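Student:
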Amino acid sequence: MGYLLQCKRQGDYEGYLAIAFFPRHLRNAQYAIRAFNLEVATVRENVSNPTIGKMRMQFWKDTVDKVFEGKPPQQPVALALHDALQHCELSPMWFKRIITERTSNLDDHQFMTIKDMETYSENTASSLLYLQLESLGLRDVHADHAISHIGKMIGISTFLRSLPFHLSQKRLVLPAQITAKYKLSQEDMIRYGHVEGVEDAVFEVATAAYDQLLTARSLWNSVPSAAFPVFMAAVPHIRYLEKLEKVNFNVFAPELQKKDWKLPLVLWNAYRKQKI
Numbered sequence: 001m002g003y004l005l006q007c008k009r010q011g012d013y014e015g016y017l018a019i020a021f022f023p024r025h026l027r028n029a030q031y032a033i034r035a036f037n038l039e040v041a042t043v044r045e046n047v048s049n050p051t052i053g054k055m056r057m058q059f060w061k062d063t064v065d066k067v068f069e070g071k072p073p074q075q076p077v078a079l080a081l082h083d084a085l086q087h088c089e090l091s092p093m094w095f096k097r098i099i100t101e102r103t104s105n106l107d108d109h110q111f112m113t114i115k116d117m118e119t120y121s122e123n124t125a126s127s128l129l130y131l132q133l134e135s136l137g138l139r140d141v142h143a144d145h146a147i148s149h150i151g152k153m154i155g156i157s158t159f160l161r162s163l164p165f166h167l168s169q170k171r172l173v174l175p176a177q178i179t180a181k182y183k184l185s186q187e188d189m190i191r192y193g194h195v196e197g198v199e200d201a202v203f204e205v206a207t208a209a210y211d212q213l214l215t216a217r218s219l220w221n222s223v224p225s226a227a228f229p230v231f232m233a234a235v236p237h238i239r240y241l242e243k244l245e246k247v248n249f250n251v252f253a254p255e256l257q258k259k260d261w262k263l264p265l266v267l268w269n270a271y272r273k274q275k276i
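The sequence shown begins at 1 in full-length UniProt numbering and counts up one residue at a time.
#1: Grouping DSSP H, G and I as helix and E and B as strand, with all else coil, what is Gln-212?
#2: In the structure shown, what three-state DSSP assignment does Gln-86 receive?
#3: Rounded to a whole number of angstroms, what is the C-alpha to C-alpha distance between Glu-196 and Leu-160?
#4: Which runs of the alpha helix (DSSP H) at least 4 residues long sit entirely within the segment 98-134? Give them in chain order.
#5: Given Pro-264, which residues of its chain have a CB within under 8 angstroms of its CB, disregarding the five upstream and five downstream residues?
#6: Quick check on DSSP: helix, strand or coil for Pro-72?
#7: Go through its chain and collect everything with a Cβ distance to Ser-148's Cβ below 7 angstroms, but skip five positions before and after it.
#8: Who are the Cβ neighbours of Arg-97 in its own chain at under 6 angstroms, not counting the five residues just before and after it?
#9: So the candidates are Gln-110, Ala-143 and Phe-95; which of them puts its Cα closest to the Cα of Ser-225?
#10: If you draw a straight line from the C-alpha of Ala-208 to the C-alpha of Lys-115, how long is it?
#11: How big is the Cα-Cα spacing for Lys-259 and Asp-12?
#12: Relative to the C-alpha of Lys-152, which residue among Asp-211, Arg-27 and Glu-69 is closest?
#13: Measure how close the beta-carbons of Leu-256 and Val-266 come, nearest whole angstrom, since I'm counting them as under 8 angstroms.
#14: Can you tell which of Tyr-271, Ile-238, Leu-85 and Phe-59 has the C-alpha that lies nearest to the C-alpha of Ile-99?
#15: So for Pro-224, helix, strand or coil by DSSP?
#16: Suppose you measure from the CA of Tyr-192 to the CA of Ser-185; what does that come to, to the nearest Å?
#17: Please list the terminal residues of the continuous alpha helix (DSSP H) segment that includes Ala-32.
#18: Would you call the CB atoms of residue 278 and Trp-94 closer than 8 angstroms?
#19: Measure from the alpha carbon of Gln-169 to the alpha carbon of each residue in Met-55, Ile-52, Asp-107 and Glu-199, then state which is nearest.
#20: On the DSSP letters alone, give me the boundaries of the alpha helix (DSSP H) that Leu-241 sits inside.
#21: Just verifying my parser: in three-state terms, what is the DSSP assignment at Ile-156?
#22: Exposed or buried, which one is His-237 when buried takes at least 16 other CB atoms within 10 Å?
#23: Flag this pair as yes or no: are the beta carbons of Met-117 and Gln-177 separated by less than 8 angstroms?
#24: Would you mind giving the Cβ-Cβ distance between Leu-163 and Val-251, rounded to the nearest angstrom? I have them listed as a contact below 8 angstroms.
#25: For a test of the three-state rule: what should DSSP assign to Ile-147, helix, strand or coil?
#26: Candidates Val-40, Leu-26, His-194 and Thr-215: which alpha carbon is nearest Lys-61's?
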């Protein structure tokens with residue numbers, strides 16, 4: 001578990017912080033779930049081409065099968081997932097949905113619409129949250145509904161946050177419909193980054209993320225309070241969207257590239273108030 005904690009701190013610091021708000025006896029399961037997600041999410045950055053990436057994804061698909069058969073390979077994340085299954089019920093469907101969706105995106109294709117971006121986020125970010133909800137032993141349609149929207153918000157926010165990085169890797173994650181609307185050239189964005197019209201495009205995508213958040217909040221009174229730890233994952237992304245608005249939707253603003261040292265306190269206040 002020490003290996004997983006180190007990976008979490010380095011690769012998923014915000015997720016690592018949010019786990020502290022889960023019941024103590026379920027935290028190791030959260031580390032395992034999110035470590036799996038981190039492994040799959042970083043496949044694209046750690047391979048030289050999509051073919052190797054697909055082989056790596058197949059490894060994780062096979063690993064999930066073996067874990068649920070009770071025969072985990074001697075790999076830290078696999079062993080941690082096996083241990084998690086001794087303490088909570090998890091559905092293999094969510095793990096496989098994450099793998100399938102991430103595999104489909106290995107070729108770096110540009111999303112056509114915001115709806116496509118939302119679908120991707122539902123199958124990745126929301127699926128991760130469904131697993132965490134399952135780990136709490138909760139089966140609740142209202143929580144599922146709210147989580148669907150929160151996951152979409154998290155996914156869209158993640159794409160906006162990572163836009164400068166993806167451009168440095170010659171990838172454009174803004175939907176083609178949006179870049180066409182604001183006459184943004186993929187070549188110019190990759191070459192120069194901050195070009196005329198980019199703030200308008202980012203604003204429209206960020207608005208879609210806000211809409212998902214507002215929908216989730218409208219469902220809040222129907223969500224069991226026991227599910228709240230799962231929703232803590234939304235707090236860093238809400239904070240990012242608020243900061244993005246303050247810099248007029250300039251994703252390249254230096255303020256957005258700095259580590260948020262106030263985040264632990266913000267998380268604590270959200271948990272104390274039971275409100276996101």
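Note that beta-carbon positions come from the ideal geometry of N, C-alpha and C, so glycine has one too. Keep in mind the model is a prediction, meaning the values are calculated, not measured.
Tutor: Judging by the given coordinates:
#1: helix
#2: coil
#3: 17 angstroms
#4: 114-121
#5: Leu-17
#6: coil
#7: Glu-122 and Ser-126
#8: Asn-123 and Ser-127
#9: Ala-143
#10: 9 angstroms
#11: 13 angstroms
#12: Asp-211
#13: Their Cβ separation, rounded to whole angstroms, is 16 angstroms, which puts Leu-256 and Val-266 out of contact at 8 angstroms.
#14: Phe-59
#15: coil
#16: 10 angstroms
#17: 27-41
#18: In the structure as shown, the chain begins at 1 and stops at 276. Residue 278 is therefore absent and cannot be evaluated.
#19: Asp-107
#20: 235-246
#21: helix
#22: buried
#23: no
#24: 5 angstroms
#25: helix
#26: Val-40
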